[in-house]
Every structure is written in structure tokens, then in C-alpha cells.
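**Student:**
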Amino acid sequence: ITRYNSVRDKINIEASERFAQETGQKLVDFYSVDRLTGEGPDDVPKRARRRTINPKRKTNIATHELQEMLWDLNPALTEHHPGKLSICVGMPVMLKQNEATECCVTNGAEAEIVSWTSRPIDEHKNTLETLFVRLTSPPRTIQLDGLPENVVPLTCYVKDTKCTLPSGKLLMVNRSQMAVVPNFAMTDFGSQGRTRPFNVCDIHNCANHLS
Numbered sequence: 010i011t012r013y014n015s016v017r018d019k020i021n022i023e024a025s026e027r028f029a030q031e032t033g034q035k036l037v038d039f040y041s042v043d044r045l046t047g048e049g050p051d052d053v054p055k056r057a058r059r060r061t062i063n064p065k066r067k068t069n070i071a072t073h074e075l076q077e078m079l080w081d082l083n084p085a086l087t088e089h090h091p092g093k094l095s096i097c098v099g100m101p102v103m104l105k106q107n108e109a110t111e112c113c114v115t116n117g118a119e120a121e122i123v124s125w126t127s128r129p130i131d132e133h134k135n136t137l138e139t140l141f142v143r144l145t146s147p148p149r150t151i152q153l154d155g156l157p158e159n160v161v162p163l164t165c166y167v168k169d170t171k172c173t174l175p176s177g178k179l180l181m182v183n184r185s186q187m188a189v190v191p192n193f194a195m196t197d198f199g200s201q202g203r204t205r206p207f208n209v210c211d212i213h214n215c216a217n218h219l220s
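As C-alpha cells, then:
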């Protein structure tokens, strides 16, 4: 449990690589399908909106350089809707969208990866079509036809995503990606209401006793 989203993302990246090594696997990268949209979101303050990239475009397809930049952004800079997911079987993840509340597939639910299906988006990159995860201690047992207990399928979630580029400029992207992030670390805010018997806490950057 740590203070900042950026620190959480860094821990998740390094811990994912370590998990794959310790389980004798390799991380598999899956990329979002992005389309550039028009103006920045209405809730962006006017001062920040001036920094939003909004050229008059003839196409909504990003250049190769811009697309690579968008994929490399940490989830904290893309409203927790990552451009690149690096996963392997058994890896813990956190769900970031209320997809099926009746099946306990809700924002903040914890799970581990079971398997997936994917499709190519270019010669070297693939995107996920379905991600099968096993829910961790759901409020009730979930049993779907043809699947093991507590295993549920996830599909890509499409949303207009505000991306913060390294320059600080904002770019709106219509992004299709699985709404999950690695779950080796979380912020103090995200940990509220959870029961964890054992958990390392990084209090170095806490502003005060409330954290």
C-alpha cells in the first residue's frame, strides 16, 4: 500500500516481471485499440483545456510515434485504462469497471488471471478479446455454465480516455481495452474498506496521519 498512483504503477510493473520469473512464465503484452477524438473533456478546467491537443485532423488514427507513446503511459496517466497490459496466468489483477454487478464483477474487485483469447492488430501486436479471471473471495460463489467456480469472462471496455502526455498536454482517446490493472500494489485511498491480514505499507510519502 503506497501513497501515489505513480509509485503504485512502478511497483506493479516490477512485481509483474518478478511474478512471471518466479512462476516460470513470460509476460505477454496486449495493446489497446485507440482512436483519436475531438476536444478535451468538459470537466477539464479552461486553463488546462488550453493545453489539450486538439488539432484539426483529417484522420482519427494516431501516428506510429504517438501511438507508441500512448501505449507506454502508466495507468495513472490514462484514467486507469492502460494502453498496454503485460499479463501471465495466475497474476493478480484488480477490476476497474462495473461490468456485471450480479456476478460480482465490479470496480475494485480482486481476481487472478486464468486464461484469455486475443486477436492481432498488426504484425507484431495483439489485443485481448476475452479475459477469464477467478474472483478472489467474492461476496458469494459465482458459477457460470461451462466455467469453474468463481471464474468469469471479461470483455474489452470502450471509453473516451483522457491521456496525459509526458509534455503535460492532454489528449482524448477512444480506447478499447480490458478494464483491469495489475494488483501487487494499491494506493492508500484504494485500500480503504479492505481486509488484508498481511501487507507491506510504504508510508514515506504520506502527507499526514490520515493516510
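In this text, residue positions in the sequence shown follow this note's numbering: the first is 10, and each later residue adds one.
Here a beta-carbon is modelled for each residue, glycine too, at the ideal position from N, C-alpha and C.
1. Count the CB pairs spanning the segment 11-30 and the segment 150-161 that are closer than 8 Å, and state whether there are at least three.
2. Any idea what DSSP makes of ARG56, helix, strand or coil?
3. Assuming VAL190 and ASP43 are in contact, meaning their beta carbons sit under 8 Å apart, how far apart are those beta carbons, in whole angstroms?
4. Should PRO91 be labelled buried (16 or more other beta-carbon atoms within 10 Å of its own) or exposed?
5. Cutting at 8 Å between CB atoms, please list the residues of its own chain near SER220, excluding the five before and the five after it.
6. So, SER124 versus ASN135, is the Cβ gap smaller than 8 Å?
7. For the alpha helix (DSSP H) containing LYS19, name the first residue and the last one.
8. Give the DSSP-derived three-state secondary structure of ASP81 in the structure shown.
9. Grab the span of the beta strand (DSSP E) containing THR115 for me, first residue to last.
10. So for THR110, helix, strand or coil by DSSP?
11. Determine the closest residue to MET187 out of LYS178, VAL160, GLU108, with distance taken between C-alpha atoms.
12. Can you find the residues in the same chain that come closer than 6 Å, C-beta to C-beta, to THR145, ignoring five residues on each side of it along the sequence?
13. Give the secondary structure of LYS65 by DSSP, where H, G and I count as helix, E and B as strand, and everything else as coil.
14. By a C-beta neighbour count over all protein chains shown, 10 Å radius and 16 as the cutoff for buried, is HIS89 buried or exposed?
15. Based on the DSSP output, what are the partners of PHE141 in its beta bridges?
16. Apart from the five residues just before and just after GLY199, which ones in its own chain have a Cβ nearer than 6 Å to its Cβ?
17. For the beta strand (DSSP E) that contains VAL37, what are its first and last residues?
18. Straight-line CA distance for LYS105 to LYS178?
19. ASN192: buried (16+ other C-beta within 10 angstroms of its C-beta) or exposed?
20. Counting along the chain, where does the beta strand (DSSP E) carrying ILE130 start and finish?
21. CYS97 and LEU36 - do their beta-carbons sit closer together than 8 Å?
**Tutor:** Based on what the coordinates show:
1. No, the segment 11-30 is not in contact with the segment 150-161.
2. Because ARG56 carries a pLDDT of 48, less than 50, the predicted location of this residue cannot be relied on, and the following value inherits that uncertainty. In this structure, ARG56 counts as helix in the three-state DSSP scheme.
3. The Cβ separation is near 17 Å, so there is no contact.
4. When all chains shown are included, PRO91 counts as buried.
5. Closer than 8 Å at Cβ, skipping near neighbours: ARG12, ASP197, ILE212.
6. Going by C-beta atoms, SER124 is not nearer than 8 Å to ASN135.
7. Run containing LYS19: 14-31, per the alpha helix (DSSP H) assignment.
8. DSSP places ASP81 in helix when its eight states are reduced to three.
9. Careful: THR115 lies outside any beta strand (DSSP E) and carries neither H nor E.
10. THR110: helix per DSSP, three-state reduction.
11. The shortest Cα separation from MET187 among LYS178, VAL160, GLU108 belongs to GLU108.
12. If we look at THR145 and ignore the five residues flanking it on each side, its Cβ neighbours are GLU119, ALA120.
13. In this prediction, LYS65 has a pLDDT of 47, which is less than 50 and means its spatial position is unreliable; what the coordinates show is noted afterwards. Note: LYS65 maps to coil in three-state DSSP.
14. Using a 10 angstroms sphere on the CB of HIS89, the tally of other CB atoms reaches 16 or more, which defines it as buried.
15. Answer is SER124, PRO162.
16. Result list for GLY199: empty, nothing under 6 Å.
17. It spans 37-40 - the beta strand (DSSP E) in which VAL37 sits, taken as one unbroken run.
18. Distance from the CA of LYS105 to the CA of LYS178, rounded to the nearest whole angstrom, comes to 24 Å.
19. ASN192 is buried by the Cβ-count criterion.
20. Unbroken run through ILE130: none, as it is neither H nor E.
21. Cβ atoms of LEU36 and CYS97: closer than 8 Å.
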